[in-house]
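Those sequence lines, one after another, are chains A and B.
For the first sequence, position 166 (counting from the first letter as 1) is numbered 165 according to numbering that gives the first Met the number 0, and the numbering increases by one without interruption.
For the second sequence, position 27 (counting from the first letter as 1) is numbered 26 according to numbering that gives the first Met the number 0, and the numbering increases by one without interruption.
Backbone N, C-alpha and C define an ideal beta-carbon position, used for all residues, glycine too.
Take a look at the structure below.
Protein chains: 2
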Amino acid sequence: MTSNKKYKVGAIRERNSDRILIAAEEEFVLHGFKGTSMQSIADRAELPKANIHYYFKNKTNLYQAVLENIMTAWNEVLADMNEDSDPATVLTKFIHSKMQLSYTNPNGSKIFAMEIIQGAPHLREYISQDMRIWVKEKSAVIESWIAQGKMRAVDPTQLIFMIWATTQHYADFNTQVLEVMNRREYDDDGIQNITNFLTDMILTGCGLTAPQAV
Amino acid sequence: MTSNKKYKVGAIRERNSDRILIAAEEEFVLHGFKGTSMQSIADRAELPKANIHYYFKNKTNLYQAVLENIMTAWNEVLADMNEDSDPATVLTKFIHSKMQLSYTNPNGSKIFAMEIIQGAPHLREYISQDMRIWVKEKSAVIESWIAQGKMRAVDPTQLIFMIWATTQHYADFNTQVLEVMNRREYDDDGIQNITNFLTDMILTGCGLTAPQAV
DNA sequence: GTCTATATCCGGATAGAC
DNA sequence: GTCTATCCGGATATAGAC
């Protein structure tokens, strides 16, 4: 009985906590960290404001939790690539999964973008540690591909920035992209077209051609 | 004497107005529209808060003025290109001037980016009017280049997005880029390298080679 | 665990003296 | 044109009843 109750309480906690995180994400996207009020998050989550403070001690804490959720999803992209991999296959997969993430979780991309634009006050650590090492590792692999003559000699770091910039653009600037393209929202076809365009341009730029299978 | 006084007053007005606009730009970058307080702008401009309200009726007005400044600078990029132009020359110049703008006025780029990310609440009109027409016109020219066999057949709209995304990335995400590259700030050399990388990748992707002279 | 009521402070905006 | 003093709504955060 005790364990049963405990389970229930834990479930409610998780359910509410999730509601709050989702609501917070939406509000932070619309108004930024400072511009977002706890009240507006509470309203969106359909909970009293005090509950938000009960689950997440304060606004900063809640924001950090939102950021952590985002970084976790980010970190799962492109885990495995090494000197023996095929560049075309890896780059294609990289572009594909980044576009997919931008499509399925644009809010995450947007919050991250705003955070960086404002000088990364809550993410300095992450960028100068994890992200820097990540780029260094991947750059080294790309360097080895170039040394092996598998692709054109292009600056690996800039190549990674280029893939980030282009894929995230469709998530972060969706308002502008959709308006200019005269669409209401993205659909699977549109995303596929964009992914193909980016893959084509970037692979060609690297002196590669599309791989057999993705 | 009267005209002399009038001139002086006008000069002071312009001087103060400029101070405020510059201070506002810096604060809006750091905290977003909603997150920025008139007090912080006043402090940065070293003027009493009431003066800000005297020069710009309210916060929205001031923000719009900042945005207009930015859009004016933006609109001067790539005024002339037509069916007879050389694609490599035009694209090179386009990338070059966008990078230059990102370098000299990163705050403008950042405020614009945040505005779009948040759904362009103050720029909907501009995007669905001016910007859409701009892209349509330039796309038509690129289409004609492709029809003339001057370059590879790539989606012109996506190509424009790609140039925007990659060049603005270095302004908007400078915190991340510099941290990853382990630099304190951009220098002329670094900007030149990046510009060369982007030009090389994008021209190659379009099946072009660098032009004789820029 | 939940929610009402409230303390405390900071926001935009303006009145009115200089 | 400039600036002090002030209004008032809304912000974060918490105390304490349930």
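Integer Cβ distance of residue i from residue j, believed to fall under 8 Å
i	j	result
B:Q63	B:H121	6 Å
A:I110	A:F27	5 Å
A:A214	A:I145	No answer is possible for residue 214 of chain A: it lies beyond the span of chain A, which begins at 0 and ends at 213.
A:M113	B:M113	6 Å
B:N173	B:P105	6 Å
A:I132	A:L158	With a Cβ gap of about 17 Å, A:I132 and A:L158 do not count as contacting.
B:K56	A:G31	With 8 Å as the limit, B:K56 and A:G31 do not qualify as a contact, their Cβ atoms being about 23 Å apart.
When the options are compared against residue i, the one with the closest alpha-carbon
i	options	result
A:K48	A:I19, A:Y125 and A:D188	A:I19
B:N181	A:L77, A:R123 and A:Q99	A:R123
B:R43	B:W144, B:D17, B:Y53 and B:D188	B:D17
B:L29	B:D171, B:I162, B:T194 and B:L197	B:D171
A:L90	A:R183, A:E184, A:M161 and A:Y169	A:M161
B:Q99	B:G206, B:D186 and B:A10	B:D186
A:M150	A:P105, A:I193 and A:T88	A:T88
B:P210	B:I21, B:E67 and B:D85	B:D85
A:Y53	A:A72, A:N15 and A:E136	A:N15
A:L61	A:W73, A:L197 and A:E25	A:E25
B:M70	B:W163, B:E184 and B:G107	B:G107
A:T103	A:Q157, A:I115, A:W73 and A:Q117	A:W73
A:S101	A:D154, A:W163 and A:I116	A:W163
A:I40	A:A22, A:V134, A:F32 and A:N50	A:A22
A:R12	A:S36, A:G31 and A:L46	A:L46
B:K58	B:E67, B:Q117 and B:T35	B:T35
A:T165	A:F196, A:T208 and A:K137	A:F196
A:Q175	B:V134, B:N68, B:E184 and B:Q175	B:V134
A:T156	B:L158, B:Y169, B:E67 and B:P155	B:Y169
A:Q38	A:F32, A:I51 and A:L158	A:I51
B:I115	A:Q147, A:L177 and A:L158	A:L177
B:E184	A:E67, A:A10 and A:G118	A:G118
B:V179	A:K137, A:N68 and A:G9	A:K137
B:G148	B:G206, B:G189, B:Q128 and B:T194	B:G206
A:T198	B:D154, B:T194, B:D188 and B:I190	B:D154
**Request:** Check each residue of the region 118 to 129 of chain B: if its Cβ is closer than 7 Å to any Cβ of chain A, include it; give the result in chain order.
**Result:** G118, A119, I126 and S127
**Item:** the region 172 to 183 of chain B: positions lying closer than 7 Å to chain A by Cβ
**Value:** F172, T174, Q175, V176, E178, V179 and M180
**Message:** Closer than 8 Å is the cut-off here; do at least three beta carbon pairs connect the region 82 to 97 of chain A with the region 194 to 212 of chain A?
**Reply:** yes
**Request:** Can you check the region 123 to 158 of chain A for any alpha helix (DSSP H) of at least 4 residues that lies completely inside it and give the ranges in chain order?
**Result:** 131 to 146
**Item:** Inside the region 32 to 63 of chain B only - beta strand (DSSP E) runs reaching at least 3 residues
**Value:** none
**Message:** Contact between the region 67 to 80 of chain A and the region 73 to 90 of chain B is defined here as three or more beta-carbon pairs at a separation below 8 Å; is this criterion met?
**Reply:** no
**Message:** Please identify, using Cβ separations under 9 Å, the residues of the region 142 to 160 of chain B that lie next to chain A, in order along the chain.
**Reply:** R151, V153, D154, T156, Q157, L158, I159 and F160
**Near-chain B residues of the region 17 to 32 of chain A (beta-carbon distance less than 9 Å), N- to C-terminal order** = V28, L29, H30, G31 and F32
**Item:** chain A contacts from the region 183 to 197 of chain B (Cβ-Cβ distance under 7 Å)
**Value:** I193 and F196
**Prompt:** According to a CB-to-CB cut-off of less than 8 Å, which residues of the region 97 to 119 of chain B neighbour chain A?
**Reply:** K109, A112, M113, I115, I116, Q117, G118 and A119
**Request:** Write down every uninterrupted run of the alpha helix (DSSP H) in the region 77 to 116 of chain B whose length is 4 residues or greater and which is fully enclosed by it, in chain order.
**Result:** 86 to 103 and 105 to 116
**Message:** At a CB distance below 7 Å, what residues from the region 34 to 52 of chain A approach chain B? Give them in sequence order.
**Reply:** G34
**Request:** Any chance you could list the beta strand (DSSP E) runs of at least 3 consecutive residues sitting entirely within the region 154 to 186 of chain B, in chain order?
**Result:** none
**Item:** Where the region 55 to 69 of chain A meets chain B: residues whose CB sits under 7 Å from a CB there
**Value:** none
**Asked** For the region 78 to 96 of chain A, which residues have a CB atom closer than 8 Å to at least one CB atom of chain B, in sequence order?
**Response** none
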